[in-house]
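Oh and the sequence shown: position 309 is 966 in our numbering, straight run, nothing missing.
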Amino acid sequence: MFNSSRSTGLCALLACTGFLLPSHAQAFDLTGAWATSADQCSKKGDQINFAQFSEEFGGGFVAVGNEIRSKAARCTIKSRKEAGDTIDLHAACASEIMASSIQLQIKILNDNSLVNQVVSNYQTLFGKDHVDLAFGPFSSLLTGPASAVAARYGMAFVEGAGGAPAVFDSPSNQADHDVFDVSLPIADEMVPFVDWIASLPASERPKTAAYPMAQDPFADPPVQLAQTLLQKLGLQTVYSNTFPSVVSAYKAPAEHVAATGAQVVVLGSTDVPTVSAFMQAFEQQHYTPKLFIAAAGPDQGGAFTSAVGLRNANGMMVPNGWFPGYHNAASQQMVREYVARYGGTASGVNADVAEAYSVGQVIEQAVTATGGTDNSKIISYLHSGVTLTSVQGPVKFDALGENGAAAAFIFQWQRDSFNQVLPTVTAGSVPIISTKPPWTS
658 MFNSSRSTGL CALLACTGFL LPSHAQAFDL TGAWATSADQ CSKKGDQINF AQFSEEFGGG
718 FVAVGNEIRS KAARCTIKSR KEAGDTIDLH AACASEIMAS SIQLQIKILN DNSLVNQVVS
778 NYQTLFGKDH VDLAFGPFSS LLTGPASAVA ARYGMAFVEG AGGAPAVFDS PSNQADHDVF
838 DVSLPIADEM VPFVDWIASL PASERPKTAA YPMAQDPFAD PPVQLAQTLL QKLGLQTVYS
898 NTFPSVVSAY KAPAEHVAAT GAQVVVLGST DVPTVSAFMQ AFEQQHYTPK LFIAAAGPDQ
958 GGAFTSAVGL RNANGMMVPN GWFPGYHNAA SQQMVREYVA RYGGTASGVN ADVAEAYSVG
1018 QVIEQAVTAT GGTDNSKIIS YLHSGVTLTS VQGPVKFDAL GENGAAAAFI FQWQRDSFNQ
1078 VLPTVTAGSV PIISTKPPWT S
């Protein structure tokens, strides 16, 4: 039995599966190609087929309407009943040697982004449904308490969106080391920016820096680490403070930062309104920092530029761990498959897709390497120092399950383009604007 999560058209094997769906999920759509790993499938034109040896080390099926086919058999769904969190399917199946009738049950567990509910859901999956594998939920807020449940049952807990330090520092993970985050650790997001400043001749480095931070477990860790590292490089801290994460609280700290005249501003922002408020206050105070990087906000494309204006956006920077244009062959293939299956454009593929897909890739590699779903073996394997591959880049877990090999990038608005600028030696990076242009009303 697997606890699986559907990703870009190619996903985990279903067999009395338990699904944890986000709160916006509605009726479950079975249509698509499902497999234990992407290499079990091949595609010719619009036709999805199974690879030559797809059922030697894996399996799966393709579902279209009421028809389900695997490499060895074909099934027709005779009845489908959805009751609460459970879908019951009755299908008639036939292979080359026999015909049979099977019953498939898909269980959907919705956590509604509630801590108590996610704990209850995982207790059900582990204690009642006895799933073989488990993936983590989609936030640090839920991953922490859910991983404690996984630890009690000895389950490897691979996840892609629970990167806050509190997840790895939790008592259960400190004791059992069962959490594995395939994505870039939140605290490391701004390291490429610090490394770039370190690469400058001492005479060209900024001298002062300000670190305003919204009170948020995701926005603050990268700013705090950047402050520690920049101070070691000799940058004087002229402002470092937190403020409530509400719009009414943004103006005062922004004015305080402007009054310092800091050459570098590293903003612990949670969204576009946070960054917009600081930019507006800076303009009103006739203050333009030489370098301005924000934890979040400038990465929101049109939502950001429409709020601040394209000319004011020029020179603004933001970190990220993955983007649709990432120069990685597997990532580019995933983006093409996602767009072909769900429509839209490559630029519209959310980083959530890559995070979820990477979880499936890492689990698949661990299951293959250990020869099964023995979670103690999987935990040992993932802690062995092996470097795995994913659409987000290399994955290598440290003692607490953070991905120390994760790719990290800094992006910058340059005129009307959102460009990768750091690391400078990474494919796809363009020259950085080293002095932010003045504000324009």
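Note that beta-carbon positions come from the ideal geometry of N, C-alpha and C, so glycine has one too.
Just so it is clear, the structure is predicted and the values come from calculations on it, not from any experiment.
Coarse secondary structure for residue i, derived from DSSP in three states
{"i": "residue 683", "result": "In this predicted model, residue 683 has a pLDDT of only 47, less than 50, meaning its place in the structure is not dependable; the value taken from the coordinates is given anyway. Residue 683: coil per DSSP, three-state reduction."}
{"i": "residue 936", "result": "helix"}
{"i": "residue 813", "result": "coil"}
{"i": "residue 726", "result": "strand"}
{"i": "residue 1097", "result": "coil"}
{"i": "residue 1048", "result": "coil"}
{"i": "residue 977", "result": "strand"}
{"i": "residue 1007", "result": "coil"}
{"i": "residue 747", "result": "strand"}
{"i": "residue 998", "result": "helix"}
{"i": "residue 672", "result": "Because the pLDDT at residue 672 is just 31, under 50, the model does not fix this residue reliably, and the value given afterwards should be weighed accordingly. Three-state DSSP puts residue 672 in coil, outside helix and strand."}
{"i": "residue 961", "result": "helix"}
{"i": "residue 846", "result": "coil"}
{"i": "residue 912", "result": "helix"}
{"i": "residue 783", "result": "helix"}
{"i": "residue 872", "result": "coil"}
{"i": "residue 993", "result": "helix"}
{"i": "residue 789", "result": "coil"}
{"i": "residue 1091", "result": "coil"}
{"i": "residue 1039", "result": "helix"}
{"i": "residue 954", "result": "coil"}
{"i": "residue 715", "result": "Low confidence applies to residue 715: its pLDDT is 42, below 50, so where it sits in the model is not reliable enough to give any reading."}
{"i": "residue 1014", "result": "helix"}
{"i": "residue 905", "result": "helix"}
{"i": "residue 941", "result": "helix"}
{"i": "residue 931", "result": "helix"}
{"i": "residue 971", "result": "coil"}
{"i": "residue 801", "result": "helix"}
{"i": "residue 1083", "result": "coil"}
{"i": "residue 890", "result": "coil"}
Residue i and residue j closer than 8 Å at C-beta
{"i": "residue 954", "j": "residue 929", "result": "yes"}
{"i": "residue 1059", "j": "residue 842", "result": "yes"}
{"i": "residue 971", "j": "residue 862", "result": "no"}
{"i": "residue 1008", "j": "residue 1048", "result": "no"}
{"i": "residue 934", "j": "residue 908", "result": "yes"}
{"i": "residue 820", "j": "residue 804", "result": "no"}
{"i": "residue 947", "j": "residue 785", "result": "no"}
{"i": "residue 776", "j": "residue 1016", "result": "no"}
{"i": "residue 797", "j": "residue 875", "result": "yes"}
{"i": "residue 1108", "j": "residue 1056", "result": "Shown here, the chain extends from 658 to 1098; a query on residue 1108 therefore has no answer."}
{"i": "residue 932", "j": "residue 951", "result": "yes"}
{"i": "residue 1032", "j": "residue 812", "result": "yes"}
{"i": "residue 1025", "j": "residue 1034", "result": "no"}
{"i": "residue 772", "j": "residue 802", "result": "yes"}
{"i": "residue 849", "j": "residue 1079", "result": "yes"}
{"i": "residue 1020", "j": "residue 790", "result": "yes"}
{"i": "residue 751", "j": "residue 720", "result": "no"}
{"i": "residue 1046", "j": "residue 1018", "result": "yes"}
{"i": "residue 995", "j": "residue 1006", "result": "yes"}
Paired residues, beta bridge with residue i - DSSP
{"i": "residue 1077", "result": "1068"}
{"i": "residue 828", "result": "Answer is none; residue 828 lacks a bridge partner."}
{"i": "residue 922", "result": "867 and 949"}
{"i": "residue 1027", "result": "None, per the DSSP bridge assignment."}
{"i": "residue 838", "result": "816"}
{"i": "residue 721", "result": "724"}
{"i": "residue 896", "result": "867"}
{"i": "residue 734", "result": "748"}
{"i": "residue 985", "result": "Residue 985 is not bridged to any residue."}
{"i": "residue 1054", "result": "1060"}
{"i": "residue 740", "result": "743"}
{"i": "residue 795", "result": "Its beta-bridge partners do not exist; DSSP assigns none."}
Expected contact under 8 Å - CB spacing of residue i and residue j to nearest Å
{"i": "residue 744", "j": "residue 734", "result": "Not really, about 11 Å apart at Cβ, beyond 8 Å."}
{"i": "residue 851", "j": "residue 799", "result": "About 30 Å separates the two Cβ atoms, so there is no contact after all."}
{"i": "residue 1096", "j": "residue 912", "result": "15 Å between Cβ atoms; not a contact."}
Counting pairs of Cβ atoms below 8 Å between the region 891–907 and the region 866–875, do you hit three or more? yes
Quick check: the region 1052–1071 against the region 971–991, are at least 3 beta-carbon pairs closer than 8 Å? yes
Would you check if there are 3 or more beta carbon pairs closer than 8 Å linking the region 824–836 to the region 855–865? no
I want to know whether the region 1071–1086 touches the region 961–979 - three or more CB-CB distances under 8 Å. yes
Do the region 875–886 and the region 905–916 touch if we need at least three Cβ pairs shorter than 8 Å? no
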